[in-house]
Amino acid sequence: MFSREEKEKEKENNLALIEELRRRLLSRGPELQDFDEEDIEKVQKSDGFVWQFLIHQHKDIDKALEMMVECLKWRESFGLNEITERNIDRHLFEIGFLFPRNTDKNGNLLLHFLANRYRKELYNIEEVKKLFAFALEKLCENNSGKKVTMVFDMQDAGFANMDMDLIKFLITCFQTYFPNVLEYLIVFETPWILITGWKLVKTWMNSDGISKIKFVKKNEINQFIAPKNLLCTMGGKDDYVYKYPPQLFTAKTQNNIIEANGVSSNHLTVNQTDVFSSISLNFDDKSVIQQQQQQQQQQQLSDEAANKTNYSKMIPSVQTEDGEPIVTIMPSHELLFHAHHSISGGEPNQILKIKNNLSKLVAFKVKTTSPENYRVKPSSGRIPGGETVEISVQLQPGHISGVSKDKFLIMSTILDGLEIEDLSNMWKTLPKASIFEQRLRCRYDSSATQSAESDRDSTISPHHIRTQDIDPLLILSKHLMEFDNKMNKMQKEILVLQSHIKMFIKLFIIFVAVSTLVLLAFILYLSRDTIKLFF
């Protein structure tokens, strides 16, 4: 047990670490432009937000700073602060494969993922990623100091229900973007055919993460979750059935002030929450729902009035007087990554240029479908009239295999006449008609990689070059896909075999029945002849 003096000293040391990490981040100068201004405000005002990076990195300030920079850049490029329940595919909420319910034995929030309700080929992976990030963000915002236990319910799941890209994104979220949030990742009743996939997942996790993943059966789950808080479908006593209540996704909450690990955490007020922020509410509480609806309607009216005042007076055009776009983007259709297009021999790098075709000031913002795969610098800013800005797009290590699936969105709008200091907030409320958008595909040229390697060392054989360039995770993924295809083929063959067996059984029963009838008829016939002979 620590004495009171020791606790006070530890608290002072923790606060000193927080102030030092905060100072280092805010002193990075121009790099702060890569962060969302809301997140910078969190860093400035919330000790708890800063503390989570320190505690995740075991109070190593250098590692915590590196992690915080990466996290804040991702939050900006992913547009996390702009995501609301309204701009996520409503169908994903209605299906109910992801929802919060109850707590584990240590009081951590339970976030359930029902694998058998999710089929990777039916849903847009980017929308699903938004839903996961949105859920984690709201749980963190509205339940300060509490961790999350993620429950993967794998009952009745098959290969079609296991999305490796989605699981990899979720692992990255817990390890980098939402530090010190995950308590356990419980994988419940995994079918044997999916065990190989989860072994691959472990290769993406660090030692701390691996220690948190728990594979449990129905007779083991009560070690983590009490029966009263466990869903009936998992062998518990909670008969809860998820229903999507849109009223609760727009509730408004108050500031949360908590004391955790000796650090006071003041979290910012959020304008919009959801079912994830209302985990403790009863879905059938009509009085609460009505009150929240009234508050939301008042909030919407005030927000719309404010937005009209700020922007509707001067909605800029997205074209010049000659009918040309307000900016020229180079390359215009595709970002092509080569190994020899790299920074100091590192990962492939590409330069994106945006030219302002006007004499007026233009704002820009760069988004990507896979922000965790790229380092974009700067991701937003202003371009004076007639000038060009160069944006560095660097492919992160280990992501070569997924480049062809990625896309970039470049948004731009005219700022002339609009006095706007907060660009991040402007993009949330700016009318869509005033935004010029251009999308770029991504591609990785593997042939260029091999030729570049050959130029550097002509003694290296082509076979050796190809071996060097292959991503180990890509090899594992290919093996898993091959295994997946074989298992799917085997499952189809088994189904065909089962149908044949059923047909054979039916025919056999008919044959036995007919044979029995014929035999009985024959016996009767013989017995009649015998009776005639006897008499």
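At position 270 of the sequence shown (counting the first as 1) the number is 270 in the UniProt record's numbering, and the numbers step up by one without a gap. Just so it is clear, CB atoms sit at the ideal spot from N, CA and C, and this is done for glycine as well. Fair warning: this is a prediction, and the values are worked out from it, not measured in the lab.
The beta-bridge partner set that DSSP reports for V187 consists of F152 and F215. The three-state reading of DSSP puts A363 in strand, counting E and B together.
The three-state reading of DSSP puts V69 in helix, counting H, G and I together. A distance below 6 Å between beta-carbons, with the five flanking residues on each side excluded, links Q438 to the following residues of its chain, in chain order: I329 and I410. Put simply, of F364, S207, D34 and L17 the residue whose alpha carbon is nearest the alpha carbon of D62 is L17.
For L185, same chain residues with a beta-carbon under 6 Å away, outside a window of 5 residues either side, are M150, K212 and I213 in chain order.
Here G235 is actually not in contact with N229; their C-beta atoms are around 12 Å apart, not less than 8 Å.
G381 and F364 have their C-alpha atoms some 6 Å from each other. As the crow flies, the alpha-carbon of K9 is around 27 Å from that of S27. Classified as buried, V403 has 16 or more neighbouring CB atoms from the shown chains inside 10 Å of its CB. Between the alpha carbons of V128 and W198 lies a gap of roughly 20 Å. At least 8 Å separates the beta-carbon of K138 from that of L109.
Our two residues, V201 and F78, have alpha carbons roughly 23 Å apart in a direct line. Contact between L170 and F132 holds, since their C-beta atoms are separated by about 6 Å, short of 8 Å. Remark: three or more beta-carbon pairs, one from each stretch, lie closer than 8 Å, so the stretch 85-98 and the stretch 116-126 are flagged as touching. G385 carries a coil assignment under DSSP once its states are collapsed to helix, strand and coil.
For F152, the number of other beta carbons within 10 angstroms of its own is at least 16, and it is reported as buried.
Within the UniProt domain "CRAL-TRIO" (85-242), the alpha helix (DSSP H) runs of at least 4 residues that lie entirely inside it are, in chain order, 90-95, 125-142, 164-172, 195-203 and 207-210. By DSSP's assignment, K353 forms a beta bridge with M330 and E390. For the pair D445 and H333, the CB atoms are not nearer than the 8 Å cut-off.
Annotation for Q44: the continuous alpha helix (DSSP H) segment containing it runs E37 to K45. Inter-residue distance for F215 and P191 is about 11 Å (C-alpha atoms, whole angstroms).
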